[in-house]
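Okay, so the sequence shown: first residue is 92 according to our numbering, each after it adds one.
Here is the structure we will look at, set down as structure tokens.
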Amino acid sequence: MARILAGGLVLVMIYVLGGCGGGEDTMFLAIPTFPARGIQVASEGQGVRIRVLRLEDRRHETAMLGLRRGRFGTLDLYPIQVAGGDVGRAVANAMTRYLRERGWRVRTNGDIDPSFPDVTLTGEVQDFRLDAVATGLSTTMTAKAVFVFEWVNQVDGSEYRIPVSAAQERRVYWFTKEDAQRLINEVVAESLEQFVHKVRQDGVLLQPAGLASQETG
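In structure tokens, the structure reads:
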């Protein structure tokens with residue numbers, strides 16, 4: 092009987108500890124990770140040329156993306172970080188990839204030729220986090236992103252500030268890194284979708300002032 096009870100206790104402890112990340116000290120999440128799925132990229136001779144620069148990280152705590160709190164409260168805290176450690180660059184890379192896969196002519200700061208750009212895109216990370224809290228037999232994840240993108244027309248010097256934000260919450264019964272990665276991906280993608288939607292609401296952003304006269308002149 093004692094052996095059965097001891098075995099049951101071991102199983103419970105494995106569940107309790109394993110249900111919050113599998114015993115790893117730090118969880119690293121990749122930004123971006125959403126894959127290209129047959130999206131046609133615009134040819135080099137079409138569209139406004141965009142250069143994406145690193146965003147400034149304005150968060151109070153820039154070293155971490157968040158915390159996962161296990162079932163033992165403050166004695167069971169583990170950091171969540173962005174792989175590579177540079178959130179501003181990670182968001183810029185996510186934007187570059189996202190726009191490229193949707194047919195935009197976009198390059199990063201390190202991938203520029205003299206003909207680029209017509210537009211420079213940068214901005215601020217005002218809030219970006221993911222936290223996971225274990226309670227009872229489940230873990231609740233919350234993720235939030237607040238970005239302010241700055242669209243600068245290199246032709247006439249005009250500037251536009253484009254704020255976007257997204258937040259989601261999800262509960263899982265067996266918390267894994269894949270759960271956290273999936274949720275942060277969705278929050279980032281939702282934010283970038285908002286950016287594209289806002290840009291397309293105003294045609295001047297897709298055709299910056301001065302470009303039309305250059306092309307027809």
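Quick reminder that beta carbons are idealized off the backbone N, C-alpha and C, glycines included.
Here the structure is a predicted model, which is why all the values come from computation and not from measurement.
### Query
Should R229 go down as buried or exposed, given a rule of 16 or more other Cβ atoms within 10 Å for buried?
The identity of residue 229 in the sequence shown is Ser, whereas the question assumes Arg. It is exposed - the Cβ of S229 has fewer than 16 other Cβ atoms within 10 Å.
### Message
Tell me the residue span of the beta strand (DSSP E) that contains L168.
### Response
L168 to V173
### Per-residue burial, A181 [other beta carbons within 10 Å of its own, 16 or more giving buried]
buried
### Query
Going by C-alpha distance, which of A183, F286 and P123 is nearest R142?
A183
### Message
Using CA atoms only, rank isn't needed, just tell me which of W265, R145 and A280 is closest to D177.
### Response
R145
### Message
Does E269 come out as helix, strand or coil in the three-state DSSP assignment?
### Response
helix
### Query
Can you tell which of A185, D116, V243 and L158 has its C-alpha closest to the C-alpha of E277?
A185
### Query
Who does D222 pair with in a DSSP beta bridge?
T233
### Task
Quick one: grab the DSSP three-state call for S249.
coil
### Task
Closer than 8 angstroms by C-beta to L158: which residues in its own chain qualify, once you throw out the five before and the five after it? Chain order, please.
L168, Y169, P170, I171, D222 and A223
### Query
If you check the beta carbons only, do V197 and T211 fall under 8 angstroms apart?
no
#### Entry: Same chain, Cβ closer than 6 angstroms to P160, five either side skipped, listed in chain order
The amino acid at residue 160 is misidentified as Pro; the sequence shows Arg. The answer, listed in chain order, is L168 and V224.
#### Entry: Cross-strand partners of D90 (DSSP beta bridge)
Within the shown structure, residues of the chain are numbered from 92 to 308, placing residue 90 beyond reach of any answer.
### Query
Alpha carbon to alpha carbon, how far is T117 from F266?
14 angstroms
### Task
Sort A121, V255 and V279 by Cα distance to G175 and report the nearest one.
A121
### Same chain, Cβ closer than 7 angstroms to P208, five either side skipped, listed in chain order
R140, I141, R142 and Q245
### Query
Taking DSSP as the reference, what is the three-state secondary structure of E192?
coil
### Message
Given 7 angstroms as the limit, tell me if V243 has its C-beta closer than that to any heavy atom belonging to the ligand ATP.
### Response
The ligand ATP is absent from the structure shown, which contains no ligands of any kind.
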